[in-house]
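**Student:** Going left to right, the sequence shown walks through residues -25 to -1, 1 to 297 as mature numbering (1 follows the signal peptide of the UniProt record, and there is no 0) numbers them. One structure, as structure tokens, below. Some questions next.
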Amino acid sequence: MAKRGLSIAEGAALAVVLCASPALAAEGGSSFYLLGSKTTMGGYLPPVGVYGVVQNYFYTGSADIDFETAGVSLSGGIDADAYVALPTVLWVTGAEVFGGNLAFTLTTPLGGKRLNVGVLTGNGVELDAERDNFAFGDPVLGATVGWHEGNFHYTIGSLINVPIGQWELGNPINMGFNRWMVDTTAAVTYLNPQTGLELSGAFGITYNFENPDTNYKSGTELHFEAAVMQHFSHTFSLGVNGYAYKQITGDSGSGAVLGDFKGQVLAIGPALDYTFLLGKTPVTTNFRYFYEFNVENRLQGHAGFLNVVIPLGGQAPQASSH
């Protein structure tokens, strides 16, 4: 590949690649709702009490580039990595709403992202750029109501993304989103204590408000998560989990210069839950891995969670981070 100084058009094209995430649906190619976060024991709300939850989220993915902008034809690829720690306080109150327990959450994300772009112009010129970032993201407020009926457990809850985290115009790997977002998810878990069989499923919808600084409005997103687990004891379970995502309305606004892309993805992988005693305190951990496929207008790659739950007051949840 030939390398030389960039022309004005080529420089502009590379800037578009870095800032606009070409062919990736939703602004920045991501959403505040982390797919896979509500699989195992998704419908189970723990007993009244206060819990410290730390979700550790890992992602690595890539996407192909093949488009024309600023009069320059570009082809190549994007590689991205992310790690986000999501410390959360979960307060399950004694208050009841429609016969269920009311709970509140506060999450303050902190993490890093890395983006590498390598493209080849129609003139045979190689363009490369790399960016990385480590910062606080937008805090997320949540409210949930949970019910228990025999072997069935249900939750319905909403999350609100508060756009006060790190964000700057032109940065393709901001930790914040600079826009309000609301997600509502309903989940159900069937857990048979005699056989140890668990079946969990969750369905939700995410609504995005417009980013006032970019005039970009990401489309409405649907997500479904599920898990089939075998509980071998009160402290250990193993199984499979997965998620499906579909953007049902296209991106819009004057900032959506590359079109009204809609994203979708499927993913599947193993899940493991384990509870142990730290002194006299029960600590619940769970590991989830997801291999993504059938992807459109999104990065395709591998995602994982390593979660830890510690009761700060009240009883411990049983193999659950919810």
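From the three backbone atoms N, C-alpha and C, an ideal C-beta is built for every residue, glycine too.
From the beta carbon of Thr256, is the nearest beta carbon of chain C less than 8 Å away?
**Tutor:** The question asks about chain C, but that chain is absent: this structure has only one protein chain.
**Student:** Would you give the residue range spanned by the beta strand (DSSP E) that Lys192 belongs to?
**Tutor:** Note, Lys192: premise wrong, no beta strand (DSSP E); not H, not E.
**Student:** So the beta strand (DSSP E) Pro147 belongs to, where does it begin and stop?
**Tutor:** Segment: none, Pro147 is in no beta strand (DSSP E) and carries neither H nor E.
**Student:** DSSP on Ile131, reduced to helix/strand/coil?
**Tutor:** Correct three-state label for Ile131: strand.
**Student:** Less than 6 Å between C-beta atoms, sequence neighbours within five positions excluded: which residues of the same chain meet that for Lys221?
**Tutor:** So the qualifying residues of the chain are Leu197, Gln239.
**Student:** Exposed or buried, what is Ala70 when buried is set at 16 or more other beta-carbons lying within 10 Å of its beta-carbon?
**Tutor:** Flag for Ala70 reads exposed.
**Student:** What is the DSSP secondary structure of His209, counted as helix, strand or coil?
**Tutor:** Coil.
**Student:** If we call anything under 8 Å between Cβ atoms a contact, is Val23 one with Thr68?
**Tutor:** Yes, the pair counts as a contact, with Cβ atoms nearer than the cut-off.
**Student:** If you pair each beta-carbon of the region 245 to 255 with each one of the region 270 to 277, do three or more pairs fall below 8 Å?
**Tutor:** Too few Cβ pairs lie closer than 8 Å, so no.
**Student:** Note the first and the last residue of the continuous beta strand (DSSP E) segment covering Leu81.
**Tutor:** First-last of the beta strand (DSSP E) with Leu81: 75 to 82.
**Student:** I'd like the list of long-range same chain contacts for Lys237, defined as Cβ closer than 7 Å, with 5 residues on each side in sequence excluded.
**Tutor:** If we look at Lys237 and ignore the five residues flanking it on each side, its Cβ neighbours are Ala(-1), Gly194, Gln222, Gly225, Asn272.
**Student:** Closest by CA to Asn108, which one among Arg89, Leu95, Leu116, His123?
**Tutor:** Closest option to Asn108, Cα to Cα, is Arg89.
**Student:** Could you tell me if Gly132 is buried or exposed, where buried requires 16 or more neighbouring beta carbons within 10 angstroms of its beta carbon?
**Tutor:** Buried.
**Student:** Are Tyr218 and Leu10 close, meaning C-beta to C-beta below 8 Å?
**Tutor:** Taking 8 Å as the Cβ cut-off, Tyr218 and Leu10 qualify as a contacting pair.
**Student:** Who are the near neighbours of Tyr182 in its chain, counting only those whose CB is closer than 6 Å to its CB and skipping five residues on each side?
**Tutor:** Result list for Tyr182: Val157, Thr195, in chain order.
**Student:** So what does DSSP say about residue 302, is it helix, strand or coil?
**Tutor:** In this structure the chain extends from -25 to 297, so residue 302 is not present and cannot be described.
**Student:** When we look at the beta-carbon of Ile139 and count the other beta-carbons within 10 Å, is it buried (16 or more) or exposed?
**Tutor:** The residue in question, Ile139, is exposed, as its Cβ has fewer than 16 Cβ neighbours within 10 Å.
**Student:** So, for Leu281: in the same chain, excluding its five sequence neighbours on each side, which residues have a beta-carbon less than 6 Å away from its beta-carbon?
**Tutor:** Cβ neighbours of Leu281 beyond the five flanking positions: Asn31, Phe262.
**Student:** Could you check whether Val284 and Val28 sit closer than 8 Å to each other, using their CB atoms as the reference points?
**Tutor:** It is a contact, given that the beta carbons lie within the stated cut-off.
**Student:** Figure out for me which residue from Leu95, Trp66, Gly75, Pro114 has the closest Cα to the Cα of Leu130.
**Tutor:** Looking at the sequence shown, residue 130 is not Leu but Thr. Ranking Leu95, Trp66, Gly75, Pro114 by Cα distance to Thr130 puts Gly75 first.
**Student:** So for Ser12, helix, strand or coil by DSSP?
**Tutor:** In the structure shown, Ser12 sits in coil (DSSP, three-state: anything other than H, G, I, E or B).
**Student:** Whose C-beta lies closer than 6 Å to the C-beta of Leu85 among residues of the same chain, with five residues either side of it excluded?
**Tutor:** The answer, listed in chain order, is Ala60, Phe111.
**Student:** Assuming contact is defined by CB atoms lying nearer than 8 Å, are Ala202 and Ala161 in contact in what I supplied?
**Tutor:** No; because the gap between Cβ atoms is not below 8 Å, this pair is not in contact.
**Student:** When burial is assigned at 16 or more other CB atoms within 10 Å of the CB, is Ser296 buried or exposed?
**Tutor:** Summary for Ser296: the model assigns pLDDT 40, below 50, so the residue's position carries little reliability; its value from the coordinates is reported in the next sentence. That one is buried.
**Student:** Starting from Asn261, follow the beta strand (DSSP E) in both directions and report where the run begins and ends.
**Tutor:** First-last of the beta strand (DSSP E) with Asn261: 256 to 271.
**Student:** With a 10 Å radius around its C-beta and 16 neighbouring C-beta atoms as the bar for buried, classify Asp39 as buried or exposed.
**Tutor:** Result: exposed.
**Student:** Within the continuous beta strand (DSSP E) that includes Asp248, where are the two ends?
**Tutor:** Per DSSP, Asp248 belongs to the beta strand (DSSP E) from 239 to 253.
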